[in-house]
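Report on one structure; see the data block that follows.
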Amino acid sequence: MYCLIGAEAAIFTIFVVAYLFYVGKSVSGPQPKDVLHAPVFFTACLMASSFTIHAALRRLVANNMAEFARLWVLTIVLGAAFLYGTAREWVQLIFHDGLTVSTNLFGTTYYSLVGLHAFHVTMGLLALISVALCYFTDRLRPEHSERLEILSMYWHFVDAVWVVVFTVVYVIGV
Amino acid sequence: MCLLFSAIVPRKVEAVSMSPTNIFAPASTPADSVFGLSIFVILTCAAIFVAVSVLLTYAAVKFRVRRSDDRAEPAQIYGSNQVELAWTVIPALIVVALFLASARVIASVQDAPRPATALEVVVIGHQYWWEYRYPKLDIVTANELHVPVSDPAHPTPTFLTLLSADTDHSFWVPRLAGKTDLIPNHPNSMWIDPHETGLFLGQCAQYCGTQHAKMLLRVYVQTREEFERWVRKQQQLPTAAVSAGQHVFESTACVNCHAVSGTPAKGVFGPDLTHLMSRDTIASGAAPNTHEKLRLWIQNPDALKPGSKMPAMGLSDRDLDAVTAYLETLR
Amino acid sequence: MSTNIVELTELPASRPLTLRLHDWVTTVDHKRLGLLYILFATVFLIVGGVEATIMRLQLIRPLNTLVSPQTFNRMFTMHGTTMIFFVAMPMVFGFANYLVPLMIGARDMAFPRLNAFSFWMTALGGMFLYFSFLGGDGLYGAGSAPDVGWFAYAPLTAKTFSVGHSTDFWTLSLLVSGIGSVGTAINIIATILCMRCPGMTLGKMPLLAWLNLTMGGLVVLAVSPLTAAQLMLLVDRYLGGHFFDAQAGGSAVIWMHFFWVFGHPEVYVLAIPAFAIASEIIPVFSRKAIFGYPVMVLATIAIGFISMSVWAHHMFTVGMTSGANTFFVLSTMAIAVPTGIKIFNWLATMWGGKIRFAAPMMFCVAFLFQFLVAGLTGVTLAVAPFDWQLGNSYYVVAHFHYVIVGAILFAIFAGFYYWFPKVTGKMYNEALAKLQFWLFLIGFHLTFDFMHIPGLLGMPRRIYTYEPGRGWDLWNAIITIGVFFQASGVLLLVANLAISYFRGKAAGSDPWDAWTLEWSTSSPPPAYNFAVTPVVRSRRPLWDIKHPEDPDWRYE
């Protein structure tokens, strides 16, 4: 998983570099400071989900299955909330502000970077949901905690990437 | 390898007779600087090659197993820190020397100041031809670059600004300078100060599409007088009376791409044809500028340069002859 | 550790062909997957060779009309893409797959199913790329195989300049095989870090394992930038993005940066495993331990790190600032130091030895000379002003073929001959192998020595024809002649190995009197590799067994 994280980190680095390189270079169309509003609440949701997944795994190891399930589902909910927030932001940008991937450099780099991250969140959520399904069909046991640790490493990575993306897009780029 | 190199570094006369685009026959300061550095680098690398090859050959021969050898294994030597240190430090020193030599030439070529006497030319790369604009002289031409010779005592270099209208290209005339790329939305700049008159050849050196191979370069270095005569001619407008050919030219799609000063033709996609007959070649060097080739080019560009951007105009023979005759008046 | 060799129990040969093929297609055994990678690579080596032959025949004389410019441009694009991604990388992964678990005393790779998945992704990528010859016609009837060069510079790859789907075949096939590459790299790293046999600390594992570990790390870090850049290209081509769109303020140069951040470490991904092969063969045939094992490890890691900082030496002519150019001169030259150290260490291994010149060693000695030359022409190119003349010319083409054919392919051929007895249990024909060596050597030098000259005389690369009177004619003719020697060499190699597979003499488990763990199994090894997990005390476990009076672990 560390290797996979390394590879994914390299991909994100390239998209971040492209984003930073093109900051301020759009020749037309909406500019970041005009249309971007930092999604603080939904970011907090995603960050919180790292805590909940960690707590969930501690409960699993301690054989506290009910609490594990509660925290695991909460993680899913928080992740889904983040995606909802992204979707809402995009609807606003596309239909209200007229910013699409083909509008200008900002549009291209923004949707690519945030979209790539959202795609990774989605993949993570699908994995989390399938684990939840395993729980609800009585297939999950504390012995599986090592595998779930590895999955949680992926989830933490996705959160860490968001910290970088958030900083680059909503702090530096504006 | 050594022999090959020494075969390539003869005196300049032999170098030029070997090839008109020989990088070892520099005729301009940037090419000279590169040449000097390259000899230093080549000799250093050749020396290293000889030294290590001798050792390798010696080892391969001396330490061969002989038929008379017993089956005992030779002494097992696992390493030696002194030896490792030696062959780390010595290469590192060589690297430093080469690096410093390179840094000096990089600075002298890339960061050379532009004197007030410099001639300015804007070069715009197109898919498969070169556009030249002399902004201060109000000249627009194509494919054949004319520059004045530069006297080392009173240099009159030519500074080229390199732009591209479509894909990446690269301006490479080996005897005058190293190559510099033409990249859209990324202006570059280079300079030459040729010490001798003559025709210098080169070609596009960055793959730009189907006819990259025939995007040839011809640089005419002229004496001051010749150059000024050429400038004056290029600044004149065409004077021939309107002909049937001009009528065909202006009423068919020719004017969409080509420009002829002083006429309604103002297309910019293809080369400016105002002084077409002052050029030795057409199609960016792909064919000599003769009546037959010119006619063939207009009739069927793919016959000379398959995949070039000029379409076959589908003219009737009569129109074709008329247009060719018209173009031949554009001196 | 037991010296008893466990005999292989063969399945009866009367199993129907379909079942045997099915075993191969569904296998997760690292040895079979390794062989599948190598067979796949060999087939594409021949395909890529045909593409090269077509190009060289077109260039044998000026203004030749054997093929159209469109065809020629497809040939050099496909030749480069095929040779890098579907020959060299699968070869390297194949060797790693087969040898790493055996050499570290493991039963298989860490993730056998991921291993199979990665191979089939690579295979799928290769088929997809070649399907472009049939299916590349998009709208406008344009397309067919990609013709944008193997590094596909923007904006030539934009929809405006690359009409049809040919570029998309390039992009997608490499995206797919890139996933396979990263999967294999993850497998190699996990296997080496987690599955070494007892007693085999990191400092006691064979150099091949160290070098493949470094290669795995480089793949993980370097293939991803290519993947990212290709995703951006797809966004540009299909979603109207502007990453590389000059009109919207986009940059062609940034594609170059992203591509070469991948492209340069990529050549080390190919070269380092070739070094690994040489590092195993040279000691055995010199009858001495490798000289300076710890330094070799450090030098390799240094090469790995530095290789990630040199990429823009492919961009010296692009118009970077003098400061940037100067930096990349320094970083590129710096890599010459650890590389030179390795050459000297191999030389020192031979020094004072008792060298046997069987085919594997002959290829390794040629490798040493040729890698030396390749490295030195690389140093000349690292001198940025010289690169302003030589870049994008046939000198560069000569340089990198010297590395990839002269060094890497020669090492791979050495590896073929060295491990063929282990993989098949049969010996190849030594006389034929020596003949093949000389044929290929002559061909290689005819082509690639003389190829430096047109570059020095101003001939750029990627041109389908050239003007007479530039002084290039004779050299091009000689270069083309060399192709036929090389082709016969390759065909002879394949024939030798194929025939020897059926009719070669039995090889036994250790025909070369070697020292690493794979030689302690039967030939071919049983599916489970080792009946008893080996326990080792030094870097050369079999030396310790064969020389109990003077084992290695006393000196390490």
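Protein chains in written order, with our numbering: chain A, 401 to 574; chain B, 47 to 377; chain C, 527 to 1082.
Note that CB positions come from ideal geometry on N, CA and C, so glycine has one too.
Remember, it's a predicted structure, so these values are computed and weren't measured experimentally.
- Between the alpha carbons of Glu130/B and Val1016/C lies a distance of about 37 Å.
- In this structure Ile808/C touches Trp872/C by the C-beta definition: roughly 5 Å separates them, less than 8 Å.
- For the pair Trp1038/C and Val779/C, the CB atoms are not nearer than the 7 Å cut-off.
- Going by C-alpha positions, Lys814/C is about 6 Å away from Thr875/C.
- Taking each of Trp1069/C, Thr648/C and Asp555/C in turn and checking the Cα distance to Phe566/C, the smallest one comes out for Thr648/C.
- For Tyr511/A, the enclosing alpha helix (DSSP H) stretches over residues Leu505 to Phe536.
- Taking a C-beta cut-off of 8 Å against chain B, the contacting residues of the stretch 876 to 894 of chain C are Met876, Trp877, Gly878, Gly879, Lys880, Ile881, Arg882, Phe883, Val891 and Leu894, listed in chain order.
- At a C-beta separation below 7 Å, Ser216/B has these neighbours in chain C: Thr843 and Asn918.
- Counting of Cβ neighbours within 10 angstroms places Val563/A among the exposed residues, the total staying below 16.
- Shown here for Ala908/C: same chain residues with a beta carbon closer than 7 Å to its own, the five before and five after excluded, namely His839, Val855, Thr858 and Met859 in chain order.
- For Ala188/B, the enclosing beta strand (DSSP E) has its first and last residue at Ile185 to Ala188.
- Shown here for His556/A: same chain residues with a beta carbon closer than 6 Å to its own, the five before and five after excluded, namely Ser450 in chain order.
- The three-state secondary structure of Pro986/C, taken from DSSP, is strand.
- Phe598/C and Gly652/C do not touch by the CB rule: their CB atoms are close to 22 Å apart, not below 8 Å.
- In the structure shown, the three-state DSSP call for Pro681/C is coil.
- Interface annotation for the stretch 759 to 779 of chain C against chain A: Val761, Asp762, Leu765, Gly766, Gly767, His768, Phe769, Asp771, Gln773, Ala774, Gly775, Gly776 and Ser777, criterion Cβ-Cβ distance under 9 Å.
- Cβ neighbours of Thr683/C within its own chain (closer than 7 Å, five residues either side excluded): Val674, Thr693 and Leu759.
- Contact between the stretch 319 to 331 of chain B and the stretch 187 to 201 of chain B is present, with at least three C-beta pairs closer than 8 Å.
- Contact of Ala711/C with chain A by beta-carbon distance below 9 Å involves Cys403 and Ala407.
- As the crow flies, the alpha-carbon of Ser74/B is around 7 Å from that of Ala223/B.
- When the Cα atoms are used, Leu700/C and Phe611/C turn out to be separated by approximately 8 Å.
- Residue-level contact check: Ile715/C touches chain A, since one or more beta carbons of chain A fall below 7 Å from its beta carbon.
- According to DSSP, residue pairing for Asp214/B in a beta bridge does not occur.
- By DSSP's assignment, Gly308/B forms no beta bridge with any residue.
- DSSP places His978/C within a helical segment (H, G or I) once states are collapsed to three.
- Spanning the alpha carbons of Thr852/C and Val745/C requires a straight line of approximately 27 Å.
- By the rule that beta-carbons nearer than 7 Å mark a contact, Ile414/A touches chain C.
- Gly171/B has Trp176/B and Ser210/B as its beta-bridge partners, per DSSP.
- Annotation: Thr475/A has no Cβ neighbours in chain C at a cutoff of 9 Å; minimum Cβ distance is about 25 Å.
- If one requires a minimum length of 4 residues, the alpha helix (DSSP H) runs lying completely within the stretch 433 to 505 of chain A are 440 to 461 and 465 to 491, in chain order.
- In the DSSP assignment, Ser552/A falls outside any beta strand (DSSP E) and within the unbroken alpha helix (DSSP H) covering Ser545 to Phe566.
- For Thr256/B, same chain residues with a beta-carbon under 7 Å away, outside a window of 5 residues either side, are Gly353 in chain order.
- Think of a sphere of 8 Å around the beta carbon of Gln128/B: no beta carbon from chain C falls inside it, the nearest being about 11 Å out.
- At a Cβ-Cβ threshold of 7 Å, Pro220/B and Gly984/C count as neighbours.
- With fewer than three CB-CB distances shorter than 8 Å, the stretch 932 to 947 of chain C does not count as touching the stretch 998 to 1010 of chain C.
- One finds Cys403, Leu404 and Ala407 in chain A with Cβ atoms closer than 9 Å to the Cβ of Val708/C, taken in chain order.
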